[in-house]
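Enquirer:
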Amino acid sequence: MTQAKLDRIKSLIRDIPDFPRPGVLFRDITPLLGDTEGFADSIHLLAERIAPYRPHAIVAVESRGFIFGSALALQTGLPLQLIRKQGKLPGKSVGITYQLEYGTDRVEVHADAITPGRTYALIDDLIATGGTAAAAADLIQLQGGKIACCAFVIELGFLHGRERLDAQPVESLIRY
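In the numbering used here, the protein residues as written are 3 to 178.
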């Protein structure tokens, strides 16, 4: 049954060649989101994957991580916190700057969002090189939180993103 669900989810991920630039094969989740059964299956399977780690809360990464993180928080009954791009949060926030291939970026969280000693499941739609996920994990840890696990719908394994997560447990539904 689980394999059938995973096969269905994979069939709902559309390949878009040469987007956003030539040579890149983009994995488009919009068909998955548009299929209520497939989307529900993805949330159910993510919930199963993170359950053994017993996180206290979900932390979702902007922007597509918000979609899966929100639904996962509802499915599991766990609170949800958001990690956003720089300058998007009202009120006091804390952030971390991280290196991109050609420059830097910054992610932020509300200053009171992470409780020291609590464990968090870090959720995003996809892990590629792992730069954003690693920065988000570092941000949680800098605030005293602990990473219970990181979970993704899609993992681009050939880019070795999980290796940047400092041996944190990584779960992914579909691996390319």
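From the three backbone atoms N, C-alpha and C, an ideal C-beta is built for every residue, glycine too.
How close, in whole Å, do the beta carbons of arginine 108 and glycine 132 come, if the pair is a contact with beta carbons under 8 Å?
Expert: In fact, because the Cβ distance is near 17 Å, the residues do not count as touching under 8 Å.
Enquirer: Isoleucine 96 to tyrosine 122, Cα distance in whole Å?
Expert: In the sequence under discussion, the amino acid at residue 96 is valine, which differs from the isoleucine named in the question. Taking the straight line from one Cα to the other gives about 17 Å.
Enquirer: Going by DSSP, what residue range makes up the alpha helix (DSSP H) through isoleucine 15?
Expert: Looking at the DSSP string, isoleucine 15 is not in any alpha helix (DSSP H), and its letter there is neither H nor E.
Enquirer: Alpha carbon to alpha carbon, how far is leucine 8 from isoleucine 45?
Expert: Cα to Cα, the separation comes out at about 11 Å.
Enquirer: At which residues does the alpha helix (DSSP H) containing threonine 38 begin and terminate?
Expert: Threonine 38 -> alpha helix (DSSP H) spans 38–52.
Enquirer: If threonine 134 sits next to valine 63, beta carbons under 8 Å apart, how far is it from one beta carbon to the other, in whole angstroms?
Expert: Right, the Cβ-Cβ distance comes to about 6 Å (below 8 Å), so this counts as a contact.
Enquirer: Alanine 49 and threonine 78 look like a contact to me (Cβ under 8 Å); what is the Cβ gap, rounded to whole Å?
Expert: Indeed they touch by this definition, with Cβ atoms about 5 Å apart.
Enquirer: Spatial neighbours of alanine 75 within its chain, please: C-beta separation below 6 Å, excluding the five flanking residues on both sides.
Expert: Same-chain partners within the cutoff: Ile60, Leu82.
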